[in-house]
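Residues in the sequence shown are numbered from 0 upward in steps of one, following numbering that gives the first Met the number 0. The beta-carbon is built from N, C-alpha and C at its ideal position, and this holds for glycine as well. Remarks on the structure that follows.
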Amino acid sequence: MMTDLRTLEVWFVTGSQELYGPAALAKVAEHSQEIAEFLGQSSVIPVNVIFKPVMKGPDAIRALCREANNTGACIGLVLWMHTFSPAKMWIAGLSLLTKPFVHLHTQYNQRLPYGSIDMDFMNLNQAAHGDREFGFITARLRLARKVVVGFWQDPGVIAGLAAWTRAAVGWHESQHLKVARFSDNMREVAVTDGDKVAAQARLGYSVSAYGIGDLVAVMSEIGDAEVDKLVAEYRETYTIAPDHDKPDSIRVAAKIELALRAFLEAGNFGAFTDNFEDLHGMRQLPGIATQRLMASGYGFGGEGDWKTAALVRIMKVMAQGLPGGTSFMEDYTYDFGDPPVILGSHMLEICPSISSDKPTLEVHPLGIGGKEDPVRLVFTADSGPAVVASLVDMGNRFRLIVNEVDVIPPAEALPKLPVARAVWLPQPSLKVAAAAWIYAGGAHHTSYSRALTFEHLEDFAEIAGIELLRIGKDTTIEAFRKELRWNETSYWAQSPLGH
0 MMTDLRTLEV
10 WFVTGSQELY
20 GPAALAKVAE
30 HSQEIAEFLG
40 QSSVIPVNVI
50 FKPVMKGPDA
60 IRALCREANN
70 TGACIGLVLW
80 MHTFSPAKMW
90 IAGLSLLTKP
100 FVHLHTQYNQ
110 RLPYGSIDMD
120 FMNLNQAAHG
130 DREFGFITAR
140 LRLARKVVVG
150 FWQDPGVIAG
160 LAAWTRAAVG
170 WHESQHLKVA
180 RFSDNMREVA
190 VTDGDKVAAQ
200 ARLGYSVSAY
210 GIGDLVAVMS
220 EIGDAEVDKL
230 VAEYRETYTI
240 APDHDKPDSI
250 RVAAKIELAL
260 RAFLEAGNFG
270 AFTDNFEDLH
280 GMRQLPGIAT
290 QRLMASGYGF
300 GGEGDWKTAA
310 LVRIMKVMAQ
320 GLPGGTSFME
330 DYTYDFGDPP
340 VILGSHMLEI
350 CPSISSDKPT
360 LEVHPLGIGG
370 KEDPVRLVFT
380 ADSGPAVVAS
390 LVDMGNRFRL
400 IVNEVDVIPP
410 AEALPKLPVA
420 RAVWLPQPSL
430 KVAAAAWIYA
440 GGAHHTSYSR
450 ALTFEHLEDF
460 AEIAGIELLR
470 IGKDTTIEAF
480 RKELRWNETS
490 YWAQSPLGH
């Protein structure tokens, strides 16, 4: 289900000009290829880094940008000006470029050769002002980009490039993602609704609606042998207490999983939603099915929340290969003790990738929906730093809100809570974080990740051209509300009629 990231590429492109002559340009190419190969061997950059010939004029740049646009495996470019590269020659190509790029501001040598430095050295190693020239034209053209500064072998530089690369992977996924939506969103709920046309225009992914009967029809085609095999896998993988070992309920849940997986695979969907208000023909709300599909890499959003479903999928693809896990989540309830914390959970659908514990398979009444007791996996999320992110439709733009949090063990046991859960300390505090979230219009549904950081989501938002709000250790309500006002003015000035 997950894309093999080593089938994807970022192109390492260096700028110069004919002025410096063949010998100097040969050195530029030699240095550039060495840097590209070094980055390509890094264990933290998840895709291939491909060296491209040094760009010396506008025609070559235009051709390169067209080639990047038309190469499916290319997810973006790393651009660096080894020498002075007159920026007007980049205008035509950058104006055509549809792939994201990161501006690497580095130089080949780490230290100045004080005893031997001469004008030949100075002419060759001019990134200090070559990149400033390039920076001007990208600013003048109002181009989205990330700037990474430092010596190319520094771990911090490599980490910055790696974070951007994962954001570019997420953007690549967003351009191809299909979301299956079983039924509409929960009746009368505002935040889970939104403009699907605007989402496809801005973010690339498509959202298609299906009746729950379409899934029920696939369920009717699932044979007993397939169900037996999956039930055996459940029994081998999870702990099942005797009072929860209800064979009929478990078989129904297994059939739902098999049907959902078959439906999503047949339609090449990467994410899906359902709605407990519309379960005609189904005996249970999908619980363990949704949890296991998320563990396989699918995105999910409850109650028809297609924006969160897509965001969970995009973040899962971005996080591939990183420890920590990513899941659909909901801010469910609080402990106003000392310190105040949030208990995150949902009715059923939390991904087991966020826990290293062996889940228990349990069968409990749901309390809403009017269906049979659904099967679900119960566990507690691992502790550590995490982010919770919400994508909302503000009418004239999409807004991504990110709260940095610290996940902790529950203060006490939760023996009667029949769902998976995570307990966290929101930064800078529950009082500030919750107020800021509410001022920003953040949803109760989120994409929760211990694999990704704010930097990954910041880079994605920059590529996508969407508004980003950070709630972290330095957030104050006064400054946050000012940012909201400034953003409102800015975005209405840019786009008064729509997204």
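Check whether the Cβ atoms of residue i and residue j sit closer than 9 Å, and answer yes or no.
| i | j | result |
| --- | --- | --- |
| Gly296 | Thr272 | no |
| Ile465 | Arg139 | no |
| Val178 | Ala318 | no |
| Trp305 | Ala265 | no |
| Ile255 | Arg375 | no |
| Asp183 | Ala208 | yes |
| Met293 | Ser448 | no |
| Phe37 | Gln106 | no |
| Val387 | Asp330 | yes |
| Val156 | Pro45 | no |
| Glu33 | Leu24 | no |
| Met284 | Leu229 | According to the sequence shown, residue 284 is Leu rather than Met. Contact: no. |
| Ala162 | Ile462 | no |
| Thr13 | Met80 | yes |
| Pro427 | Asp473 | yes |
| Tyr438 | Leu360 | no |
| Val226 | Leu263 | no |
| His175 | Gly203 | yes |
| Ala450 | Gly324 | yes |
| His444 | Thr238 | no |
| Ile136 | Leu93 | yes |
| Phe83 | Glu132 | yes |
| Asp381 | Val406 | yes |
Pull up the DSSP beta-bridge partners for residue i, would you.
| i | result |
| --- | --- |
| Phe327 | Ser446 |
| Tyr333 | Ile341 |
| Glu361 | Arg375 |
| Trp10 | Ile49, Leu76 |
| Asp405 | Pro384, Leu424 |
| Phe397 | Asp392 |
| Arg469 | Val401 |
| Val178 | Val206, Ala270 |
| Lys527 | The structure shown does not extend to residue 527, since the chain is modelled only from 0 to 498, so the question has no answer here. |
| Lys145 | Val101 |
Answer with buried or exposed for residue i, where buried requires no fewer than 16 other C-beta atoms within 10 angstroms of its C-beta.
| i | result |
| --- | --- |
| Leu7 | buried |
| Asp3 | exposed |
| Leu111 | exposed |
| Val146 | exposed |
| Trp485 | exposed |
| Glu477 | exposed |
| Asn402 | buried |
| Leu78 | buried |
| Pro322 | exposed |
| Asn274 | buried |
| Pro495 | Confidence at Pro495 is low in this model, with a pLDDT of 47, below 50, so the placement of that residue should be treated as unreliable; the coordinate-derived value is given next. With fewer than 16 other Cβ atoms within 10 Å, it is exposed. |
| Val316 | buried |
| Gly114 | exposed |
| Lys172 | Strictly speaking, residue 172 in this sequence is Glu, with Lys absent from that position. With 16 or more other Cβ atoms within 10 Å, it is buried. |
| Gly343 | buried |
| Thr488 | exposed |
| Glu235 | exposed |
| Lys55 | buried |
| Pro417 | buried |
| Gly222 | exposed |
Pick from the options: whose alpha carbon is nearest that of residue i?
| i | options | result |
| --- | --- | --- |
| Val190 | Ala127, Gly300, Glu17, Ala126 | Gly300 |
| Pro408 | Val418, Val422, Leu399, Pro414 | Val422 |
| Leu424 | Tyr333, Arg131, Phe100 | Tyr333 |
| Ala412 | Arg398, Gly440, Thr379, Leu390 | Thr379 |
| Lys98 | Glu187, Leu467, Asn69 | Asn69 |
| Arg5 | Ala35, Phe11, Val48, Lys26 | Val48 |
| Asp277 | Gly210, Asn267, Val340 | Gly210 |
| Asn108 | Trp89, Glu172, His30, Leu63 | His30 |
| Gly368 | Leu399, Gly280, Ala385 | Gly280 |
| Pro52 | Leu76, Gly159, Asp337 | Leu76 |
| Ile470 | Gln493, Tyr490, Val404, Ala442 | Val404 |
| Ser15 | Ile60, Pro241, Leu399 | Ile60 |
| Lys245 | Ala224, Ser352, Val362 | Val362 |
| Phe327 | Pro338, Arg250, Gly298 | Gly298 |
| Ala22 | Phe120, Gln493, Glu66 | Phe120 |
Taking 9 Å as the CB-CB limit, is residue i close to chain D?
| i | result |
| --- | --- |
| Ala143 | Note that chain D does not occur in the displayed structure, where there is just one protein chain. |
| field | Length at least 3, wholly inside the region 43-123: the beta strand (DSSP E) runs in chain order | value | 47-50, 73-80, 100-104
| task | Any chance you could list the beta strand (DSSP E) runs of at least 3 consecutive residues sitting entirely within the region 408-458, in chain order? | result | 421-425, 444-448
| query | Quick one: complete beta strand (DSSP E) runs, 3+ long, within the region 184-243? | reply | 205-209
| said: List, from N- to C-terminal side, the alpha helix (DSSP H) runs of 4 residues or more that fit wholly inside the region 266-334. | reply: 287-294, 305-317
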